[in-house]
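Under this note's numbering, the first residue of the sequence shown is numbered 4, with each subsequent residue one higher.
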Amino acid sequence: HQNRILNAGFTKFDIWLKWFNFASMIAIKR
Numbered sequence: 004h005q006n007r008i009l010n011a012g013f014t015k016f017d018i019w020l021k022w023f024n025f026a027s028m029i030a031i032k033r
């Protein structure tokens with residue numbers, strides 16, 4: 004169970020990280 008929770012949290016963090024990088028690129032282009 005602990006491993007599943009860890010994977011779920013990592014997935015959310017990965018999605019947030021990708022979104023953050025995308026937002027950073029937009030900010031730099033502006």
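Every residue gets a Cβ at the ideal spot worked out from N, C-alpha and C, and that includes glycine. The model shown is predicted, which means the values in this text are computed figures rather than measured ones.
For residue i, which of helix, strand or coil comes out of DSSP?
i     : result
Arg33 : coil
Determine the direct distance from the alpha carbon of residue j to that of residue i, and round the result to whole angstroms.
i     : j     : result
Ser27 : Leu20 : 10 Å
Ile18 : Arg33 : 23 Å
Ala11 : Phe23 : 18 Å
Phe25 : Gln5  : 30 Å
Phe16 : Ile29 : 20 Å
Arg7  : Ile31 : 36 Å
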